[in-house]
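Asker: Structure incoming, see below.
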Amino acid sequence: MRLQKTMNGIMLLVCAALILTFSAQSWAAVDKGLVDIQNGFIAVAEAAKPSVVHLVSERRPFKNLKDKPEGEELFKMFPFPMDPEQFRAQAAGSGVIVDKAGYILTNNHMVEGSDEITVKISDSGSDKGKEYEGRVVGRDPATDLAVIKIDAGAPLAEAKLGDSSKLRVGQWAIAIGDPFGLEKTVTVGVISGLGRSRFGGPLSSVTYQDFIQTDASINPGNSGGPLLDIDGEVIGINTFIESSGTGTGFAIPINMAKEVYEQLVKHGEVIRGFLGVQISDMEEGLAQALKAPDLSGALVQDVITDTPAEKAGLRHGDIIRVVDGQKIENSKMLQQMISHKVPGEKVRVTVLRNGETKELIVELAKLPVQMASEEALKPKKNLIGIAVDEIPAQLARPNEKGVIITEVAPGSAGDKGELAKGDIILEVNMQEVTGVADFLKMVEKLKPGQWVSFYIRRGDQTLYRAVKIMSEEK
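Residue numbers for the sequence shown, in this note's numbering: 580 to 1053.
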């Protein structure tokens, strides 16, 4: 019995020793793995830092005011003598050298409207560095990218550019910036999303949105700097951080940046194909009302006058489903595809029109620079309890037929679909509305549960709306 107890004690000691040994070995392995990862981040950061620069753009809003008599009088009103040149607004951010000859990629919002640009290349580990005058080579507000050039007199360290088409959610992401012109800042995270778009506010002018989402914090001063992968290759240009305070950052894919860079260096602008339509994504109700088999394609909300689309015969209500043999999934895809075409190129466009497939040949034009941020109209999503009247003479356009909405009942289908007082109804289910009597006849034929398409004019915009009829509105 005593021997048994002794053996049991020995076994417990052996097991404990084995567990401790195994745990120590496991933790040692884990620790080594973490150290290896840490060293990888350090190596990436150290290799990339020389190509990251600090930018200061300066605006002098009263620069030319002193040349005008009223300008002199204005500045005499201050209690102390002041020169208009003393009023300066500065913005600081980052950029990344992509060519050793001194070409730098950054954000358009960093340099737009600037009178002077100063580029500082910092010495590692110190507050010293060399400053250069930056010259804007070209800007592209539609992607929020810009290229500036400095003359350093010697080759500069250039970043290695990667391939953003190979990115996967979950990959490491390393954001580097130089917000203060001192030591670079580095934040680490993962890629948490791809193809992010539909941002408004300050980004409403950025038409071509295809952002990389990352939880590697992109501080305001890091805007314009590089987003790197674990191999140290640039996969994006840091652009902005979500204002909600979640720490979520967004970057422009490097493949898009490379295309824009090449055109800005070559032409000073980005030359894009132009179709001449205002488009939106399909919705469930619209698909039923327009006799579409599914939600793929881009709905033509309006055709701009005297454009390739109008000349080729495209109409509002057409659903663009295929371009040059490639299926169009949504409005964003169509927009991106046309932007990559060149002016003068002929494209084969397949549309669904009132349930029938038609094929058109469109010769693209050059997208006007002022329209680069207006290529796609993205109306609010609206899915008939309404009162209508004839269009007042002061609101009617030449040869325009239809009715004006004078009242929308709260809680009605029209209200839920966000039809609004003052909207002018031009068509119902692709049929022209000639007046109140005609409209009422159309409404009488509608059935509960039916989806109905409304083609309306709201101010200067023409839009489609889908409304599902409810039983109480029959």
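We treat Cβ as the ideally placed atom computed from N, Cα and C, and that holds for glycine.
Since this is a predicted model, take the numbers as computed values, not measurements.
Counting only the same chain and skipping the five closest in sequence on each side, list residues whose C-beta sits under 6 Å from that of residue 772.
Answerer: Cβ neighbours of residue 772 beyond the five flanking positions: 792.
Asker: From residue 1009 to residue 918, what does the alpha carbon distance come to, in whole angstroms?
Answerer: Residue 1009 and residue 918: Cα-Cα distance of roughly 29 Å.
Asker: Can the beta-carbon of residue 840 be found less than 7 Å from the beta-carbon of residue 675?
Answerer: Cβ atoms of residue 840 and residue 675: not closer than 7 Å.
Asker: Can you tell me which of the three DSSP states residue 788 falls into?
Answerer: It is coil, neither helix nor strand.
Asker: Please name the residue or residues paired with residue 828 in a DSSP beta bridge.
Answerer: Paired residue(s): 793, 820.
Asker: Output the boundary residues of the alpha helix (DSSP H) element that contains residue 834.
Answerer: 833–846 is the extent of the alpha helix (DSSP H) around residue 834.
Asker: Can at least three beta-carbon pairs, one atom from the segment 855–875 and one from the segment 815–834, be found at a separation below 8 Å?
Answerer: Verdict: no, contact absent.
Asker: What separation, rounded to the nearest whole angstrom, lies between the Cα atoms of residue 865 and residue 615?
Answerer: Their backbone Cα atoms lie some 54 Å apart in a straight line.
Asker: For residue 872, which beta-bridge partners are listed by DSSP?
Answerer: Paired residue(s): none; residue 872 is not in a bridge.
Asker: Which word fits residue 744, buried or exposed, when buried means at least 16 other C-beta atoms lie within 10 angstroms of its C-beta?
Answerer: So residue 744 ends up on the exposed side.
Asker: Give me the Cα-Cα distance between residue 911 and residue 878, rounded to the nearest whole angstrom.
Answerer: The straight-line gap from Cα to Cα measures roughly 11 Å.
Asker: Quick one: residues in its chain with C-beta nearer than 8 Å to the C-beta of residue 945, no 5 flanking neighbours on either side, listed in chain order?
Answerer: The answer, listed in chain order, is 850, 851, 852, 853, 922.
Asker: DSSP three-state label for residue 670, please.
Answerer: Here residue 670 sits in strand by DSSP.
Asker: I'd like to confirm the pairing. Which residues does DSSP put opposite residue 857 in its beta bridges?
Answerer: Looking at the DSSP assignment, residue 857 forms a beta bridge with 881.
Asker: Kindly provide the ranges of any beta strand (DSSP E) runs that are 3 or more residues long and lie completely inside the segment 968–993, ordered along the chain.
Answerer: Taking only runs of at least 3 residues, the beta strand (DSSP E) segments lying wholly in the segment 968–993 are 982–987.
Asker: Grab me the residues of residue 687's own chain with a C-beta within less than 8 Å of its C-beta, minus the 5 sequence neighbours each way, in chain order.
Answerer: Hits under 8 Å: 718, 719, 720, 722, 723, 724, 725.
Asker: Within the continuous alpha helix (DSSP H) that includes residue 1020, where are the two ends?
Answerer: From DSSP, the alpha helix (DSSP H) with residue 1020 extends over 1015–1023.
Asker: Could you give the residue range of the alpha helix (DSSP H) that holds residue 1029?
Answerer: Residue 1029 -> no alpha helix (DSSP H), and no H or E assigned at all.
Asker: Leaving aside the five residues before and after residue 880 along the sequence, list all residues of the same chain whose C-beta is less than 7 Å from its C-beta, in chain order.
Answerer: These residues qualify, in order along the chain: 857, 858, 859, 895, 956, 958, 1041, 1042, 1043.
Asker: According to the neighbour-count rule (16 or more other Cβ atoms, all chains shown, within 10 Å of its Cβ), is residue 996 buried or exposed?
Answerer: Buried.
Asker: State yes or no: is the C-beta of residue 988 within less than 7 Å of the C-beta of residue 964?
Answerer: Yes, the Cβ-Cβ distance between residue 988 and residue 964 is below 7 Å.
Asker: Give a yes or no on whether the minimum CB-CB distance between residue 980 and chain D is below 7 Å.
Answerer: No chain D is present in this structure, which holds just one protein chain.
Asker: Counting only the same chain and skipping the five closest in sequence on each side, list residues whose C-beta sits under 7 Å from that of residue 731.
Answerer: Closer than 7 Å at Cβ, skipping near neighbours: 681, 711.
Asker: What's the call for residue 625, buried or exposed, on a 16-neighbour Cβ count within 10 Å?
Answerer: Exposed, because fewer than 16 other Cβ atoms sit within 10 Å of the Cβ of residue 625.
Asker: Kindly indicate the opening and closing residues of the alpha helix (DSSP H) around residue 891.
Answerer: From DSSP, the alpha helix (DSSP H) with residue 891 extends over 887–891.
Asker: Run the CB neighbour count on residue 801, radius 10 Å, all protein chains shown included, and call it buried at 16 or more, exposed below.
Answerer: Buried.
Asker: Out of 728, 1046, 1038, which has the shortest C-alpha to C-alpha gap to residue 697?
Answerer: Cα-wise, what sits closest to residue 697 is 728.
Asker: Could you tell me the distance, in whole angstroms, from the CA atom of residue 753 to the CA atom of residue 673?
Answerer: Spanning the two alpha carbons is a distance of roughly 15 Å.
Asker: Could you check the C-alpha separation between residue 975 and residue 984 for me, to the nearest Å?
Answerer: Near 13 Å, if we compare the C-alpha coordinates of residue 984 and residue 975.
Asker: My understanding is that residue 906 touches residue 875, with C-beta atoms under 8 Å, so please give their C-beta distance in whole angstroms.
Answerer: Contact flag correct, Cβ pair sits at about 7 Å.
Asker: Which whole-angstrom value is the C-beta distance of residue 1015 and residue 1006, which I expect to be below 8 Å?
Answerer: Actually they do not touch by this definition, with Cβ atoms about 15 Å apart.
Asker: Can you tell me whether residue 899 is helix, strand or coil according to DSSP?
Answerer: Residue 899 falls in the strand class under three-state DSSP.
Asker: Can you give the beta carbon distance from residue 689 to residue 636, rounded, assuming they're within the 8 Å contact cut?
Answerer: Indeed, because the Cβ distance is near 6 Å, the residues count as touching under 8 Å.
Asker: Leaving out five residues before and five after residue 807 in sequence, what residues of the same chain have Cβ atoms less than 7 Å from its Cβ?
Answerer: Answer for residue 807: 623, 627, 753, 755, 813, 814, listed in chain order.
Asker: Could you check what DSSP says for residue 617 in three-state terms: helix, strand or coil?
Answerer: In the structure shown, residue 617 sits in a helix (DSSP, three-state: H, G or I).
Asker: Would you report the Cα separation of residue 789 and residue 1020, rounded to the nearest angstrom?
Answerer: In a straight line, the C-alpha of residue 789 is about 45 Å away from that of residue 1020.
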